[in-house]
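Chemist: Provided herewith is a single structure, encoded as structure tokens, for subsequent inquiry.
Chains as they are written, first to last, in the numbering used here: chain A, 2 to 360; chain B, 147 to 555.
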């Protein structure tokens, strides 16, 4: 087990001006499951491949533990890429499937047996070691495949979108299993996904990247409640945070209604963007008028999609409310602020997270 | 409401009639070619189409699109892979429930799954040939910036090539296309290939199908050696002094032997050393030569074999010290050797194996007969004997369909 440290790690692809990963600084703790998340082109996979040794560094360094691995070839980095597409060989037993790669690496027989038995115990596969894969359930087969990576006892596991070839239902189930397994193994793991829900449910911490630049690395709770900038605010959370850009006309106003910020740090006369989660707003008797477009009733909660007229532009907002709630397309409702409001400056950086009232 | 969207590279109207509103595993027996059941990540079925077969693979939309794009790239760059027919997307069943996409590829004629090669003991040094074929394939992909990510015996198909084998990419789900591969990507891809090859051979061994003399670990490891040697020959700059110039010729010969054409050779003389680096155009040196001379379509080794047969025949019919002009030599060989051989093959046996491969086997057969007899045996006698003793006992390899992979991968 080991820590992983990116120090200003940079990667340029040939014939591009902007780095795919720009001066990434990241410290991953021993035993941590860190998720790299971001949209396509954010550099998340490149960052993982730099750690794996698949992409060379054009600047900076990467350490695994105390060892600078920046120029070390992949097989000597003591890492294991975990695939979901590991082949299982039908004529080999579960133990042979898990252990043959160790034999290939000339690991002595006794040590091989020990590693396979340990991995099998962690994966609840001990009773099946002498069986053939066809006698296992789908989930057990998946675990044998994982076992092939575990027996290598790497210092770091790397997973690049490992669930992307599964259907939605299996994906949810497998991600829980993977997170539990990582917890039991306690091996430092770097996990890449484009799916922020997957990132938030699996990561001890989540590093959000955009255009090769790290935006924020924090716990899922902090990313959700204290986004460092407008991008993270909009990327994390489903449904997404309501983000409204405000060009103040003497005062800051949402759809013509003045906003009174509790935190005096906010300059209501400067251009800013406010963000509030659907649960930080409510349908009330007063507030900003909006026209109902859809009502998403999920049983335990209801999301009301409305459009408000903000600075002459129809602007969509989502408000979370409790059932029962009834409204029809075209009904007019009033929206009040009922929770924290995030205020971002013209560059999108956070200015304050504060309470605010519409008046 | 039933719906689907079919995008194909060539018009294939017979595909429209297929039951797209059903999950692939529920397709009726009369639609598909039934194959022994195996376990696979995705459901795969074969259907007859336009006198051939199409392989259908059901997989999530984004993966189907990705694999379609990778296969298109492989095609555009002349890399060995299965033919691409198209993709059926936006599918839904009769209740309007969405269904995954289906990737449709063309069955590769005369291609053989590796398990079949082991069940027909007709290829000497099979382990070496398999490894060579995979090494050439992997090098070709890497030269064009393709990271395969799951190179295995199972994810490739093989065609006979005059005693050797040629490998084709079948499964590209994990493949990535880059402008250029880093050394890290190449070595990692190779590492995956070696481990997968080892697993595949161990699996055959456990099933009692591995030929004697093939040692799984050593054979798989030799893939790394073969790959590295070929990669170095194709890409390395070599510094030689004048006394070692012959080594440049040896390297070019090795590349030509493997079928790689060298276009420009960068020679740079300074400090009393010659800096040498070949520029590789593409693979297929001999097959292009054969095709331009005779019109015969063959793989690389077959072409080499046929070209030397043409030269040998030319020397044999040569009257006097002056060699025959090439055009005359080729025309007479076609008229007096190739065409009579092809005509002599009964209609029902034609096409069981590729023509060039069959001619190669006839040559082999004739050589053995002549050795046994202690004199040259006439061509028609050789062909007759080949038909009865060899060809009649061969399965039709044209559409020997790939059984579903026998593993999870």
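We treat Cβ as the ideally placed atom computed from N, Cα and C, and that holds for glycine.
What three-state label does DSSP hand residue 105/A in the structure shown?
Modeler: Along the first chain, one-based indexing puts residue 105/A at 104. Here DSSP, grouped into helix, strand and coil, assigns residue 105/A to helix.
Chemist: To test your reading of the DSSP string, which unbroken alpha helix (DSSP H) runs of 4 or more residues are found completely within the stretch 268-337 of chain B?
Modeler: Whole alpha helix (DSSP H) segments, 4+ residues: 272-289.
Chemist: Where residue 261/B and residue 350/B are concerned, what is the direct C-alpha to C-alpha distance, given to the nearest angstrom?
Modeler: Numbered from its first residue, the second chain carries residue 261/B at position 115. Numbered from its first residue, the second chain carries residue 350/B at position 204. The alpha-carbon atoms of residue 261/B and residue 350/B are separated by roughly 8 Å.
Chemist: State the beta-bridge partners of residue 161/A as determined by DSSP.
Modeler: Here the question's residue 161/A lines up with position 160 in the first chain. According to DSSP, residue 161/A bridges with 193/A.
Chemist: By a C-beta neighbour count over all protein chains shown, 10 Å radius and 16 as the cutoff for buried, is residue 77/A buried or exposed?
Modeler: Walking along the first chain from the start, residue 77/A turns up at place 76. Looking at its Cβ environment, which holds fewer than 16 other Cβ atoms inside 10 Å, residue 77/A is exposed.
Chemist: Between residue 239/B and residue 245/B, is the Cβ-Cβ spacing less than 9 Å?
Modeler: Translated into the one-based positions of the second chain, residue 239/B becomes position 93. Translated into the one-based positions of the second chain, residue 245/B becomes position 99. Yes, Cβ-Cβ distance for residue 239/B and residue 245/B is below 9 Å.
Chemist: Run down chain A in chain order and give the residues with a C-beta less than 7 Å from the C-beta of residue 328/B.
Modeler: Looking up residue 328/B in the second chain gives position 182. Result: 55, 56 and 57.
Chemist: List in chain order: all unbroken alpha helix (DSSP H) runs of 4+ residues lying wholly within the stretch 354-400 of chain B.
Modeler: 362-381
Chemist: Which of the three DSSP states, helix, strand or coil, is assigned to residue 257/B?
Modeler: As a first step, residue 257/B must be located in the second chain, where it is residue number 111. In this structure, residue 257/B counts as coil in the three-state DSSP scheme.
Chemist: Does residue 102/A have its Cβ less than 9 Å from a Cβ in chain B?
Modeler: As a working note, residue 102/A is residue 101 in the first chain. Closer than 9 Å: yes.
Chemist: Closer than 8 Å between beta carbons: that is the criterion. Which residues of the stretch 315-340 of chain B meet it against chain A?
Modeler: 319, 320, 325, 326, 328, 329, 330, 331, 333, 334, 337 and 340
Chemist: From 293/A, 270/A, 163/A and 284/A, pick the residue whose C-alpha is nearest to that of residue 346/A; which is it?
Modeler: As a working note, residue 346/A is residue 345 in the first chain. It is 270/A.
Chemist: Give a yes or no on whether the minimum CB-CB distance between residue 168/A and chain C is below 9 Å.
Modeler: Reference to chain C is not applicable here, since the protein chains of this structure are A and B.
Chemist: Would you decide whether residue 151/A is buried or exposed? Buried here means 16 or more other CB atoms lie within 10 Å of its CB.
Modeler: By one-based count along the first chain, residue 151/A stands at place 150. Residue 151/A should be labelled buried.
Chemist: Measuring CA to CA, which of 355/A, 113/A and 175/A is closest to residue 227/A?
Modeler: Taking the first chain and counting its residues from 1, one reaches residue 227/A at position 226. Residue 355/A is the option with its Cα nearest to residue 227/A.
Chemist: Between residue 346/B and chain A, is any beta-carbon pair separated by less than 9 Å?
Modeler: In the second chain, counting from the first residue as 1, residue 346/B sits at position 200. Yes, contact with chain A.
Chemist: Can we say the stretch 314-326 of chain B touches the stretch 287-303 of chain B, given the rule of at least three CB pairs closer than 8 Å?
Modeler: yes
Chemist: Which whole-angstrom value is the C-beta distance of residue 160/B and residue 195/B, which I expect to be below 8 Å?
Modeler: Numbered from 1 along the second chain, position 14 holds the residue referred to as residue 160/B. Numbered from 1 along the second chain, position 49 holds the residue referred to as residue 195/B. Rounded, the Cβ-Cβ distance is 5 Å, consistent with contact.
Chemist: From this set, 169/B, 441/B, 188/B and 341/B, which residue's C-alpha is nearest residue 242/B's C-alpha?
Modeler: Numbered from 1 along the second chain, position 96 holds the residue referred to as residue 242/B. Residue 242/B has its Cα closest to that of 169/B, out of 169/B, 441/B, 188/B and 341/B.
Chemist: Using a Cβ-Cβ distance cut-off of 9 Å, determine whether residue 81/A contacts chain B.
Modeler: Here the question's residue 81/A lines up with position 80 in the first chain. Taking Cβ atoms only, chain B never reaches closer than 9 Å to residue 81/A, which makes this a no.
Chemist: Could you tell me whether the Cβ of residue 120/A comes closer than 9 Å to any Cβ of chain B?
Modeler: Here residue 120/A is taken as the residue at index 119 of the first chain, counted from 1. No, residue 120/A does not count as interfacial toward chain B.
Chemist: In this structure, does DSSP put residue 154/B in helix, strand or coil?
Modeler: Locating residue 154/B in the second chain gives position 8, where the first residue counts as 1. Of the three classes helix, strand and coil, the one that applies to residue 154/B here is strand, per DSSP.
Chemist: With DSSP run on the structure shown, which of helix, strand or coil describes residue 541/B?
Modeler: Here residue 541/B is taken as the residue at index 395 of the second chain, counted from 1. Coil.
Chemist: Using a 10 Å radius around the Cβ and a threshold of 16 neighbouring Cβ atoms, would you call residue 336/B buried or exposed?
Modeler: Here residue 336/B refers to the residue found at position 190 when the second chain is read from its first residue. Buried, since its Cβ has 16 or more Cβ neighbours within 10 Å.
Chemist: Look at the Cβ atom of residue 131/A, then the Cβ atom of residue 94/A, and state whether they are nearer than 9 Å.
Modeler: One-based indexing of the first chain puts residue 131/A at position 130. One-based indexing of the first chain puts residue 94/A at position 93. Yes.
Chemist: In the DSSP assignment, what residue or residues form a beta bridge with residue 125/B?
Modeler: The requested residue 125/B is not part of the displayed model; chain B covers only 147 to 555.
Chemist: For residue 429/B, which of helix, strand or coil comes out of DSSP?
Modeler: Position 283 of the second chain holds residue 429/B. Looking at residue 429/B - three-state DSSP - the assignment turns out to be strand.
Chemist: With DSSP as the reference, label residue 304/A as helix, strand or coil.
Modeler: Working through the first chain from its first residue, we reach residue 304/A at position 303. Residue 304/A carries a strand assignment under DSSP once its states are collapsed to helix, strand and coil.
Chemist: Helix, strand or coil for residue 54/A? Go by DSSP, reduced to three states.
Modeler: Here the question's residue 54/A lines up with position 53 in the first chain. It is coil, neither helix nor strand.
Chemist: Hey, out of 116/A, 336/A and 220/A, whose CA is closest to residue 258/A's CA?
Modeler: Here residue 258/A is taken as the residue at index 257 of the first chain, counted from 1. The candidate whose alpha carbon is nearest that of residue 258/A is 336/A.
Chemist: Does the distance from the CB of residue 331/B to the CB of residue 50/A come in under 9 Å?
Modeler: Position 185 of the second chain, counted from the first residue, corresponds to residue 331/B. Position 49 of the first chain, counted from the first residue, corresponds to residue 50/A. Closer than 9 Å, so yes.
Chemist: Indicate whether at least one CB of chain B lies closer than 9 Å to the CB of residue 90/A.
Modeler: Indexing the first chain from 1 puts residue 90/A at position 89. It does: the Cβ of residue 90/A has a partner Cβ on chain B nearer than 9 Å.
Chemist: Any beta carbon of chain B sitting closer than 9 Å to that of residue 69/A?
Modeler: Looking up residue 69/A in the first chain gives position 68. Output row for residue 69/A: interface = no.
Chemist: Is it a yes or a no for the stretch 159-177 of chain A touching the stretch 188-203 of chain A, going by three-plus beta-carbon pairs under 8 Å?
Modeler: With three or more CB-CB distances shorter than 8 Å, the stretch 159-177 of chain A counts as touching the stretch 188-203 of chain A.
Chemist: Between residue 509/B and residue 455/B, which are expected to be in contact by the criterion C-beta below 8 Å, what is the C-beta distance as a whole number of angstroms?
Modeler: Here residue 509/B refers to the residue found at position 363 of the second chain. Here residue 455/B refers to the residue found at position 309 of the second chain. About 6 Å; that satisfies the 8 Å criterion.
Chemist: Where in the stretch 195-251 of chain A do unbroken runs of the beta strand (DSSP E), each at least 3 residues long, occur, reported from the N-terminal end onward?
Modeler: 206-211, 214-219 and 243-247
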